[in-house]
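Beneath this line is the structure, given in structure tokens, with notes to follow.
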Amino acid sequence: MSVCKKSLIAVTISAFVFAVPCVAQSASFDSDSVNVNVLSSREASSTYADALKAYSRRDWKTSIFLFKKLHTNQADITPESLYMQIMAQTYDGQYKQAVNDCDLFLKEFSNNQYAQLVMYQKGKILYQIEDYEKSILTLSDFCHSNPKHKLYSSALFWIAESFYATYNFDSAKSLYERIVVEFPDDSKARDAQFRLDVIAQRSREEKLLYLLKQTGEDYLSSKESYEKTLKQYQIENSVGVNSQLRELRQQNENLDNELANEKKRTAELESQVRGYEADLEKTVRELKQQADEALELLNRQEGM
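Under my numbering, read the sequence shown as residues 10 to 313, first letter to last.
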């Protein structure tokens, strides 16, 4: 595999380690249809060279296919070729396969110079597939083992992003602040500052929502108390009105009874008056008759 290693140096693997993933070109091969026949040494060298060329032109699917073809023979699996297969899978969005190959790499080549990069890459991939807990654990192990590594700040950033994605804003904030303060010139410092601004804005919004909620609860409480008092007043007022109506009805009934009694007494008095008038008229007639008789008697006596 010496030819392979020379080819690896020729394409400068480090240029691809930190490259921004690009859109994969149309695949020339089907990465799932790898020939399982063991390659000869010459075929292995040729396949490896072709895989590197496909990788260099960012033809990820072809590169993945060729690396898998090369790796059908376990003896042809090198740390370099497996690492590049992992990176090609990552750029092509084949995250689960990439994680599996990361585990294989860390198992077989734990002391290799690329092991640190693979651990970092695994943690980042786990974040991309939203396995945030494992991402935090993996990248935390990376940071603990490699405090001086140039990807240390990036690892902190992806840990913070996992905390942020799971709404653990306090933990995320402390890591973002650390990146901004300790790594101000790092490419992730600006992204970290942006997240801090978002968290600060979110905090202000949460406080505002809390105040609005409290105000709303106070309003609802006051409204409920007012409605309860109003209802009680209406009930009491209704009871009072009904009581007054009953009293008025009773008074009206009493007045009606008194009026009926008064009419009865009036009728009795009128009857008595008519009786008195009849008696008086009778008495007057009798007196007049007596007066006429006395006058007639007197006239007789004078005539004699």
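C-beta atoms are modelled at their ideal positions from N, C-alpha and C, and glycine is treated no differently.
All figures in this text were calculated on a predicted structure; none of them were measured in a lab.
query: With burial defined as no fewer than 16 other Cβ atoms inside 10 Å of the residue's Cβ, what is the status of His153: buried or exposed?
result: When all chains shown are included, His153 counts as exposed.
- request: Could you say if the region 194-208 and the region 176-184 meet the contact criterion of at least three C-beta pairs nearer than 8 Å?
  value: When Cβ pairs closer than 8 Å are counted between the two stretches, the region 194-208 is seen to touch the region 176-184, the count reaching three or more.
- request: Using the Cα positions of Leu217 and Tyr176, report the straight-line distance between them to the nearest angstrom.
  value: Going by the C-alpha atoms only, they are around 18 Å apart.
- prompt: Which class does Asn292 belong to by DSSP, given the choice of helix, strand or coil?
  reply: According to the sequence as given, residue 292 is Thr; it is not Asn. Thr292: helix per DSSP, three-state reduction.
task: Put Asp59 into one of helix, strand or coil per three-state DSSP.
output: Of the three classes helix, strand and coil, the one that applies to Asp59 here is helix, per DSSP.
message: If I follow the unbroken alpha helix (DSSP H) through Phe74, where does it start and stop?
response: Counting along the chain, the unbroken alpha helix (DSSP H) around Phe74 starts and ends at 69-79.
message: Buried or exposed, going by whether 16 or more other CB atoms sit within 10 Å of the CB of Gln210?
response: Exposed, because fewer than 16 other Cβ atoms sit within 10 Å of the Cβ of Gln210.
field: Length of the line joining the Cα atoms of Asn44 and Lys70
entry: With a pLDDT of only 48 at Asn44, under the threshold of 50, the placement of this residue in the model should not be trusted; the figure read from the coordinates follows. About 15 Å.
field: 8 Å Cβ shell around Ile188 - same chain, five flanking residues per side excluded
entry: Result list for Ile188: Ser162, Leu165, Phe166, Ala169, Asp195, Lys197, Ala198, Ala201, in chain order.
- prompt: Which ranges would you report for the alpha helix (DSSP H) in the region 175-220 if only whole runs of at least 4 residues count?
  reply: Runs of the alpha helix (DSSP H) inside the region 175-220: 178-191.
field: Endpoints, the alpha helix (DSSP H) within which Leu87 is located
entry: According to the sequence shown, residue 87 is Thr rather than Leu. Per DSSP, Thr87 lies in no alpha helix (DSSP H) segment and is marked neither H nor E.
message: Alpha carbons only, please: which of Asp85, Asp68, Leu257, Glu290 is nearest the one belonging to Tyr57?
response: Closest in alpha carbon position to Tyr57, among Asp85, Asp68, Leu257, Glu290, is Asp85.
- request: Could you check the C-alpha separation between Ile208 and Phe172 for me, to the nearest Å?
  value: Straight-line Cα distance between these residues: approximately 12 Å.
message: Rounded to whole angstroms, what is the Cα-Cα separation between Glu267 and Asn251?
response: Taking the straight line from one Cα to the other gives about 24 Å.
- prompt: Rounded to a whole number of angstroms, what is the C-alpha to C-alpha distance between Ala36 and Gly102?
  reply: Low local confidence applies: a pLDDT of 34 at Ala36 is under 50, so the model's placement there is unreliable, and no value is given.
message: Between which residues of its own chain and Arg309 is the CB-CB distance below 8 Å, once the five residues before and five after are set aside?
response: Nothing listed; no residue qualifies.
- prompt: Looking at the unbroken alpha helix (DSSP H) that takes in Phe118, where does it start and where does it end?
  reply: In the DSSP annotation of this structure, Phe118 is not part of any alpha helix (DSSP H), being labelled neither H nor E.
- prompt: Who are the near neighbours of Leu205 in its chain, counting only those whose CB is closer than 6 Å to its CB and skipping five residues on each side?
  reply: Excluding sequence neighbours, Leu205 sits near Tyr185.
Residue environment, Lys327, which counts as buried when at least 16 other CB atoms sit within 10 Å: Outside the shown range of the chain, which is 10 to 313, sits residue 327, and nothing can be said about it.
CA-to-CA distance, Lys62 to Val108, given in whole angstroms: Approximately 24 Å, taken between the alpha carbons.
query: Skipping 5 residues on each side, what residues in its chain have a beta carbon closer than 8 Å to that of Ala139?
result: Note on identity: in this sequence residue 139 is Glu, with Ala being the wrong assignment. Here the set comprises Ala174.
- prompt: Asn266 by DSSP, collapsed to three states: which one?
  reply: Three-state result, Asn266: helix.
message: Short of 8 Å in beta carbon distance, which residues of its chain neighbour Asp110, apart from the five on each side in sequence? Order them along the chain.
response: Excluding positions up to five away in sequence, the list reads Leu91, Gln94, Ile95, Gln98.
field: Rounded C-alpha distance that separates Glu271 from Leu278
entry: Between Glu271 and Leu278, the C-alpha separation is close to 10 Å.
task: Indicate the three-state DSSP secondary structure (helix, strand or coil) for Asp301 in the structure shown.
output: Helix, per DSSP.
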